[in-house]
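According to full-length UniProt numbering, the sequence shown holds residues 1 to 87 in order.
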Amino acid sequence: ITQSNDEKRPFQLGGDTFTDFKSAADRSCDNQKNACAELSNSKKIDAPVSECDRQNTECKAAAASATQTAFNALVSSNAEFDFFCDL
């Protein structure tokens, strides 16, 4: 999850942006789960899809307990410079 340039949707994951950390974290966990399930279904890993589901549950629990869910610096730029301000 990275910071986007959109003040209203500051959280970015791939090409998608989100209004809050939880939504971005949930998508990250779901993407990981889907990739795991695809590997499981194609027999490229020796694990049942239920393990992917368990991993998804654990991922979302870890995200829910995250203590850092916002960006601590204001980033702005002009044609020549990027400006970073600690908040």
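We put the beta carbon where it would ideally sit given N, CA and C, even for glycine.
Because the structure is a prediction, the values reported are computed rather than measured.
Buried or exposed (CB count within 10 angstroms, at least 16 for buried), residue i
i, result
"P10", "buried"
Given residue i as reference, the closest of the options once Cα atoms are compared
i, options, result
"I1", "S50, A64, L13", "L13"
"Q68", "F21, D6, T17, L39", "F21"
"S59", "S42, K44, I45, S23", "Reading off the sequence shown, one finds Cys at residue 59, where the question assumed Ser. Nearest of S42, K44, I45, S23 to C59, Cα basis: S23."
Beta-carbon spacing of residue i, residue j below 9 Å
i, j, result
"Q3", "F81", "no"
Residue i versus residue j - alpha carbon distance
i, j, result
"A47", "A66", "28 Å"
"V49", "N34", "9 Å"
"C52", "A25", "16 Å"
"T57", "S28", "12 Å"
"A61", "D30", "13 Å"
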